[in-house]
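First residue of the sequence shown? That's 10 in my numbering, and the numbers climb one at a time after it.
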Amino acid sequence: MELGKLKIALTGKPNAGKSSLFNHLTGLNQKIGNFPGVTVDKRIGYCQLDNNTQAEIIDLPGIYSLYPRTLDEKIVTEIFSDQQNNLYPDKVVLIADATNLKNCLLLLTQLIDLKIPTIVALNMMDLAAKSGLSIDVKKLSASLDMPVVMINARKGHGIFELKRVLAEPLAASRKSVFQIGDEIKKVISVIREKFQLATDYEAYHFLQQTENLIFLKPEQRNEIKAIAKEHSFFPHKYQGAETIMRYGFIQELLNTAIVKPSHRDWKRVSHGIDKVLTHKVGGYVIFFAVLFLIFQAIFAWAQIPMDFIDSSFAQLSNVLAKELPEGPFFELLSQGIVPGIGGIVIFIPQIAILFAFIAILEESGYMARVVFLMDKIMRKFGLNGKSVVPLMSGWACAIPAIMATRTIDNWKERLIT
C-alpha cells in the first residue's frame, strides 16, 4: 500500500477514549480545524503503521448511532453514508467501553450493515476486570467477524497490536444484522435500483436519513420522499423495529462473549452513589458545593500564578525600559507586544483550572448526573443541563466560562448560554 493512502476514522460513543487513542497514534503530528460550514472540531493526524504504511487518522465526534439528533451526529452520519466524501474512511476503529459494552454496539451494528471495514478497540478492560466482567475477546471477534483488540487508551497499552492489525488488509464483516421485512422489500428494491446501491441497508438508510444526507441533491431528496410516500414507508415506525432488532442481536452477542460477575455489590454501590448525587434535595446541595469549589478555584487558586505572570511581565517591561533606547521599536515592545501577550497569558491559570475540573467531572461520570439533575430546571429557560457550569463559572471570569460552553452539543443552547 502506498504511503499516505490509508484513511482511518476513530469513532464511538462520547468519553469512550477516542481522543486519548488519537493522541497515542499521532503524537504531535496532528492538526485541528473545523468541519466545513460548522464550528465542530475536526482533528486529523498522521501515523506510521509499519515500514510501508502511513495512515491519516480522523478523530470523529462521539456518537451513539447513525440516527442523528445533534450536529456532531449529523456530521458523522454524513461521512459514513457518502463514499465520495473526502473523509470517508478505508477502515474504522470503533472504540468501545468494555465496562458498558451494550451502549457501544448499536453504532457497530450499523457500520456492519454499511459494509465499512471495522476494527473494535476494547478500552477500559482493566476497569471491566475490576468490576468482575470477563470478556472473551476471541468469541466476540468470531461472532462479529472482525478483529477485536484490547487497548488502554489512557496508558497507551495495546497500541502496537492495533497498528499491526490496521496495517493488514481488512474486509468488511460478512455479518448482516439488518433484516428487511416483507412490507418494505419493494420500496428497498426500488431505492436500491434507482441509486445503484450495494446493499439493502444502504437503501433503507437513504429512506431513513433523507433530510440528513446533505450530499443528496434536492431533486434526489424529493424523489426518495415521493417513493417513500408511494410505498407507505414511515421512518419512525421502522426505526423502532430496527432498533429492537439490533439490540436483540447485541444481547445474543453479549450472552455469548461476556461472563458477568456472580455478585452485585458493585452495582449496589453504583446505584447508591446515583441515589445520593441525583437526590431531589441532597443532589442540589452536593452540586452547589462542587460549583462553589470550582468558583473558588478559578477565582482564588489562580490568583498566585496570575500575580506571578503579571509581575513577570511588569519586570520585563522595566528591563526593556532600561536596556532599549526610546523610539518606535521601544514603544512597539513596551506598549504593544509585551502588554498584549501578558494580557492573554494571565488568563491561562483560570482556563487551565476550569478545564481540569470539567475533565475530572466528565471522567468520573458526575457531569452526566449533573445534567440529569439540572436539565428539567434549565429547560424552562431554553437551556441544557450542561449550561450550569459555564453560567456559574462566569461569575469568576467570562473567558473560561465562554470556552466551557464547548461541552454543550446543541449550537442554539450553546449560543443562548
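Glycine is no exception: its CB is placed at the ideal position from the N, C-alpha and C atoms.
DSSP three-state call for Glu372: helix, strand or coil?
helix
List the DSSP bridge partners of Lys20.
According to the sequence displayed, residue 20 carries Thr and not Lys. In the DSSP output, where bridge partners are listed per residue, Thr20 has Leu103.
Within the same chain, show all residues whose beta-carbon is closer than 7 Å to that of Ala181, passing over the 5 residues directly before and after it, in chain order.
Lys124, Ile125, Pro126
Roughly how far, in whole angstroms, is the beta-carbon of Arg378 from the beta-carbon of Thr252, given that I think they are within contact range, below 8 Å?
Wrong, their Cβ atoms sit about 25 Å apart, outside the cutoff.
Does DSSP put Leu424 in a helix, a strand or coil?
helix
Run the CB neighbour count on Ala407, radius 10 Å, all protein chains shown included, and call it buried at 16 or more, exposed below.
Counting Cβ neighbours within 10 Å, Ala407 comes out exposed, since fewer than 16 surround it.
DSSP state of Ala130, grouped into three classes?
strand
Compute the Euclidean distance between the alpha carbons of Asp432 and Lys395, then round it to the nearest angstrom.
With the chain covering 10 to 426 only, the question about residue 432 has no answer from this structure.
Taking the CB atoms as reference points, tell me whether Ser90 and His214 lie closer together than 8 Å.
yes
Considering only C-alpha positions, which residue in the set Thr108, Pro334, Val101, Asn32 is nearest to Gly374?
That would be Thr108, whose Cα lies nearest to the Cα of Gly374.
To the nearest angstrom, how far is it from the Cα of Ser167 to the Cα of Val158?
Checking the sequence shown, residue 167 turns out to be Gly, not Ser. Approximately 7 Å, taken between the alpha carbons.
Quick one: using the 10 Å Cβ neighbour count with 16 as the cut-off for buried, is Arg173 buried or exposed?
exposed
Once the 5 residues before and after Gly26 are set aside, which same chain residues still bring their CB inside 6 Å of it?
Ile104, Asn132, Ala162
Quick one: grab the DSSP three-state call for Leu341.
helix
Relative to the alpha-carbon of Met254, which residue among Ser185, Lys234, Met315 has its alpha-carbon at the smallest distance?
Ser185
Within 10 angstroms of its Cβ, does Val196 collect 16 or more other Cβ (buried), or is it exposed?
buried
So what's Val158 in DSSP terms, helix, strand or just coil?
Here DSSP, grouped into helix, strand and coil, assigns Val158 to strand.
Quick check: the Cα distance between Ala410 and Glu202, rounded to an integer number of angstroms?
52 Å
Within the continuous alpha helix (DSSP H) that includes Ile197, where are the two ends?
194 to 204
Determine the burial state of Thr35: buried for a count of at least 16 other Cβ atoms within 10 Å of its Cβ, exposed for fewer.
Thr35 counts as buried, since no fewer than 16 other beta carbons sit within 10 angstroms of its beta carbon.
Can you list, in chain order, the residues of its chain whose CB lies under 7 Å from that of Ile236, leaving out five sequence neighbours each side?
Val196, Val199, Ile200
Over the uninterrupted alpha helix (DSSP H) stretch that includes Val328, give me the two end residues.
312 to 332
Please state if the CB of Ala130 and the CB of His69 are separated by a distance shorter than 8 Å.
According to the sequence displayed, residue 69 carries Leu and not His. Not a contact, by the Cβ cut-off of 8 Å.
For Ile72 and Leu19, what's the separation of their Cα atoms in angstroms?
11 Å
Measure how close the beta-carbons of Pro358 and Ala311 come, nearest whole angstrom, since I'm counting them as under 8 Å.
4 Å
Exposed or buried, what is Gln344 when buried is set at 16 or more other beta-carbons lying within 10 Å of its beta-carbon?
exposed
Would Phe224 be called buried (16 or more neighbouring beta carbons within 10 Å of its own) or exposed?
exposed
Taking the beta carbon of Val265 as the centre, do at least 16 other beta carbons fall within 10 Å, making it buried, or is it exposed?
Note that residue 265 corresponds to Thr in the displayed sequence, not to Val. When all chains shown are included, Thr265 counts as exposed.
Using only the alpha-carbon positions, how far apart do Pro77 and Val85 sit?
Roughly 9 Å separates the two Cα atoms.
So is Lys83 buried or exposed if we call it buried at 16+ other beta carbons inside 10 Å?
buried
Helix, strand or coil, according to DSSP, for His166 in the structure here?
strand
What are the partner residues of Leu15, as DSSP defines its beta bridges?
Ala64
Using 8 Å as the threshold, is the C-beta distance between Ile259 and Leu114 below it?
It is a contact, given that the beta carbons lie within the stated cut-off.
Tell me which same chain residues have a C-beta within less than 6 Å of the C-beta of Phe339, skipping the five on either side of it?
Short of 6 Å from the beta carbon of Phe339, and not among the five residues preceding or following it, lie these beta carbons of its own chain, in chain order: Leu333.
On the three-state DSSP scale, how would you describe Ile144?
Three-state result, Ile144: strand.
Have a look at Ile355 and Asn231 and give me their C-alpha separation to the nearest angstrom.
54 Å
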